[in-house]
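Here the structure comes first, spelled out in structure tokens, and everything after it is commentary.
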Amino acid sequence: MDCQKRYSRGPVLTDGAVIAGDTVNLRSKITSAAKPGAIVLSKPAFSALPAHLRNVSRSIGVVTLANTANSMELFRLSWHELLRWPMLILIEETGERIFLLDQPVISIGRLSDVNGTPTNDIVLRLPDEHLTSQISRWHLELRQQPNSLVVHSLSDKPTHIDGCSMARGNSHAITIGTKIRLSNVITLQFSSLSHSSTSGETTLSTRPLLSPQSL
Numbered sequence: 000m001d002c003q004k005r006y007s008r009g010p011v012l013t014d015g016a017v018i019a020g021d022t023v024n025l026r027s028k029i030t031s032a033a034k035p036g037a038i039v040l041s042k043p044a045f046s047a048l049p050a051h052l053r054n055v056s057r058s059i060g061v062v063t064l065a066n067t068a069n070s071m072e073l074f075r076l077s078w079h080e081l082l083r084w085p086m087l088i089l090i091e092e093t094g095e096r097i098f099l100l101d102q103p104v105i106s107i108g109r110l111s112d113v114n115g116t117p118t119n120d121i122v123l124r125l126p127d128e129h130l131t132s133q134i135s136r137w138h139l140e141l142r143q144q145p146n147s148l149v150v151h152s153l154s155d156k157p158t159h160i161d162g163c164s165m166a167r168g169n170s171h172a173i174t175i176g177t178k179i180r181l182s183n184v185i186t187l188q189f190s191s192l193s194h195s196s197t198s199g200e201t202t203l204s205t206r207p208l209l210s211p212q213s214l
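In numbering that gives the first Met the number 0, the protein residues as written are 0 to 214.
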């Protein structure tokens, strides 16, 4: 069955049963720009989304709306990405949930900054500072491939993926449910939104970073 979804944000008129107004008219015009199975959003609707949904939404450009000379930028929410690939990491020891950034490479380690310049995209911390110190400053990189998400080890310290040891310089594809244990002190479980509550989430933002090679 073909299905078109649209979500718009704005004022409406209602008598409690029927809604009307410019927002409703605009929504119907946005629908005409949606292909079957697509979720299309106006820019205000896109801006109102939580970060993890903005991360899987892409601009489809400025579109001229049907039966009008007006045009506006529209966004497509790639909902299938929420089900196919890991969207967040659960830290088993603390219960913290960290949404993955939508970028080609995500760095993971215990080092937060060098002289005030941020380093890792995901900074790992445990309540016990001694245990935290066992994690490498730069321990892992997550790398987006055309059809997979790959973890690449940067550390000589113990790293196990689903119980199997991974040496420095090695890479391995990860999927929903993959568990990676670092230095025998912290466990990262990769999850989709459908497999995890979003309570306690941490939202990450893109920022200029130092890499191990730049030091």
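Positions of the beta carbon are idealized from the N, C-alpha and C atoms, including for glycine. In this text, all values refer to a predicted model and were calculated from it rather than measured experimentally.
Measure the beta-carbon distance from residue i to residue j and round it to whole angstroms, keeping in mind my assumption that it falls under 8 Å.
i: Trp84; j: Leu148; result: 6 Å
i: Ile97; j: Leu141; result: In fact, because the Cβ distance is near 11 Å, the residues do not count as touching under 8 Å.
i: Leu187; j: Ile105; result: With 8 Å as the limit, Leu187 and Ile105 do not qualify as a contact, their Cβ atoms being about 12 Å apart.
i: Glu92; j: Leu125; result: 6 Å
Return the CA-CA distance between residue i and residue j, expressed in angstroms with no decimal places.
i: Ser170; j: Pro49; result: 31 Å
i: Gln133; j: Arg53; result: 34 Å
i: Lys42; j: Glu72; result: 6 Å
i: Ser182; j: Glu95; result: 18 Å
i: Gly168; j: Leu153; result: 6 Å
i: Thr118; j: Arg109; result: 9 Å
i: Glu128; j: Ser135; result: 13 Å
i: Arg180; j: Gly115; result: 28 Å
i: Ile88; j: Ser70; result: 39 Å
i: Leu139; j: Asp161; result: 15 Å
i: Arg206; j: Gln144; result: In this predicted model, Arg206 has a pLDDT of only 44, less than 50, meaning its place in the structure is not dependable; the value taken from the coordinates is given anyway. If you take the alpha carbons of Arg206 and Gln144, they lie about 21 Å apart.
i: Met165; j: Lys178; result: 12 Å
i: Val61; j: Cys163; result: 48 Å
i: His151; j: Asp120; result: 15 Å
Suppose the cutoff is 7 Å on Cβ atoms and the five residues either side in sequence are ignored; what does the same chain contact list for residue i look like?
i: Phe45; result: Arg53, Ser56 and Phe74
i: Ile175; result: Pro85, Phe189, Ser190, Ser191 and His194
May I ask you to report which of helix, strand or coil DSSP gives residue i?
i: Thr118; result: coil
i: His129; result: helix
i: Arg83; result: helix
i: Ser77; result: coil
i: Ser46; result: helix
i: Asp101; result: coil
i: Leu123; result: coil
i: Ile134; result: coil
i: Ser191; result: coil
i: Pro111; result: Residue identity check: residue 111 is Ser in the sequence provided, not Pro. DSSP places Ser111 in coil when its eight states are reduced to three.
In the DSSP assignment, what residue or residues form a beta bridge with residue i?
i: Met71; result: Val62
i: His151; result: Glu140 and Ser170
i: Ser106; result: Glu140
i: Thr186; result: Arg180
i: Thr158; result: Leu181
i: Val55; result: Val55 pairs with nothing; no bridge assigned.
i: Ile88; result: Ile97 and Phe189
Going by beta carbon distance, what residues of the same chain come within less than 6 Å of residue i, once the five residues before and after it are set aside?
i: Ser111; result: Val122
i: Ala172; result: Ser147 and Val149
i: Pro157; result: Ser182 and Asn183
i: Leu130; result: Val184
i: Asp155; result: Arg167
i: Thr63; result: Ser70
i: Ile59; result: Leu73 and Arg75
i: Asp101; result: Asn54
i: His159; result: Arg180
Just checking: is the beta-carbon of residue i within a distance shorter than 9 Å of some beta-carbon in chain B?
i: Ser190; result: Among the protein chains of the structure shown there is no chain B, as only one such chain exists.
Using a Cβ-Cβ cutoff of less than 8 Å, which residues in the same chain neighbour residue i once the five nearest sequence positions on both sides are dropped?
i: Thr201; result: Reliability of the predicted coordinates at Thr201 is poor, the pLDDT of 48 falling under 50, and the value obtained from them is presented with this limitation in mind. Hits under 8 Å: Glu95, Arg96, Ile97 and Phe98.
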